[in-house]
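Colleague: My questions all concern the structure below.
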Amino acid sequence: MFTMFTRYQGSAIISSLFLLLIVAILLSLGVWQLSRMQEKQAFLLDLEEKKDQPAKALIDVIDRNEARENVLVNVSGTLLREHVWIVDNRPMEREIGYQVLVVVNTPAGNVLLDYGWVASSGDRNIWPEVTLPQTLNRVRGVIIEPTANPFVNVEMFESKPSDSGQVYRIQGIDIAQQSKQSGIRLSPFVVKILGRDEQFIRHWEPVVMPPEKHLGYAIQWFGLAAAALIIGAIAIGKTRSKHV
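Here my numbering = 1-based position in the sequence shown + 7.
Laid out in structure tokens, this is it:
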């Protein structure tokens, strides 16, 4: 009898520790989501304050070697239209299309521009036809520093000739690959053009997941922690009553 009770005690302690570990993990995930929510709230508030400020000259941002991500800039220069990239499978308001990229030669160097989004015809054999200007004069944009997507093969592309040069259909933005394809040395960032255009749709989302979603996930994690604690406590209590 004593041996059985001792075994039960050991099992109960292990079960309790395991339950506490699970609850601690779930709570920590909830706290992390709250932390991400606060970070994004602060980030979006900072962007909102900067939105009405005058855009900076691109060369000034580069020369000062300051933080570039999400900085509003004015871009002037000549478009190198002999190389155009269309990024495949880009959704926009429940429609699939292409993100159009082109190089602009500026006093700050050659910069890859995200010129905007165009719809797909639905036929893979029909590539979108876009008309690009020769020059840009103080066009407002925002600097984006693209991050690598491990699920996208950036080396996979198709190409076809165009009236002005070559068009590449790619799966994702990779500045090193775009530089290799074009033979042009590119700055390590992209400028996303803002403002309305008859041909292109331009939509800038500074964060993929808004703060509200992080709050929702935090509530879910806390709810799971509470549920695990209650269910675990009931199960341990029932086991204990059987051995009393």
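We put the beta carbon where it would ideally sit given N, CA and C, even for glycine. For clarity, every value in this text was computed on a predicted model and none was experimentally measured.
1. In three-state terms, what does DSSP make of D59?
2. Put H90 into one of helix, strand or coil per three-state DSSP.
3. Residue range of the beta strand (DSSP E) that L108 falls in?
4. Quick check on R75: buried or exposed, where buried means 16 or more other Cβ atoms within 10 Å of its Cβ?
5. Just to confirm before moving on: does the CB-CB distance between V94 and L108 stay below 8 Å?
6. Less than 6 Å between C-beta atoms, sequence neighbours within five positions excluded: which residues of the same chain meet that for L26?
7. Given this structure, state the Cα-to-Cα distance separating V146 from E205, to the nearest angstrom.
8. Measure the beta-carbon distance from W134 to R176 and round it to whole angstroms, keeping in mind my assumption that it falls under 8 Å.
9. Just to confirm before moving on: does the CB-CB distance between I243 and G123 stay below 8 Å?
10. What are the boundary residues of the beta strand (DSSP E) that A126 is part of?
11. In three-state DSSP terms, what is S23?
12. Classify F50 as helix, strand or coil using the three-state DSSP reduction.
13. Taking its Cβ as the centre, do 16 or more other Cβ atoms sit within 10 Å of I103, making it buried, or is it exposed?
14. What does a CB cutoff of less than 8 Å around R203 pick up in its chain, not counting 5 residues either side in sequence?
15. I think G148 touches V198, with their Cβ atoms under 8 Å apart; what is that distance to the nearest whole Å?
Modeller: Straight from the coordinates:
1. When secondary structure is reduced to three states using DSSP, D59 falls in the coil class, being assigned neither helix nor strand.
2. Looking at H90 - three-state DSSP - the assignment turns out to be strand.
3. Here the beta strand (DSSP E) through L108 covers 102 to 113.
4. Label assigned to R75: buried.
5. Yes. Within cutoff.
6. For L26, the CB contacts under 6 Å within the same chain, skipping 5 residues up- and downstream, are G239 in chain order.
7. Note on geometry: alpha-carbon atoms of V146 and E205 lie some 15 Å from one another.
8. Cβ-Cβ separation between W134 and R176: approximately 7 Å, consistent with a contact (criterion under 8 Å).
9. Contact flag unset, no.
10. It spans 116 to 126 - the beta strand (DSSP E) in which A126 sits, taken as one unbroken run.
11. Of the three classes helix, strand and coil, the one that applies to S23 here is helix, per DSSP.
12. In the three-state scheme derived from DSSP, where H, G and I count as helix and E and B as strand, F50 is classed as helix.
13. With fewer than 16 other CB atoms across the displayed protein chains lying within 10 angstroms of its CB, I103 is exposed.
14. Within the same chain, R203 has close Cβ partners R209.
15. Between V198 and G148 the Cβ distance is about 4 Å, and since that is below 8 Å, they are a contact.
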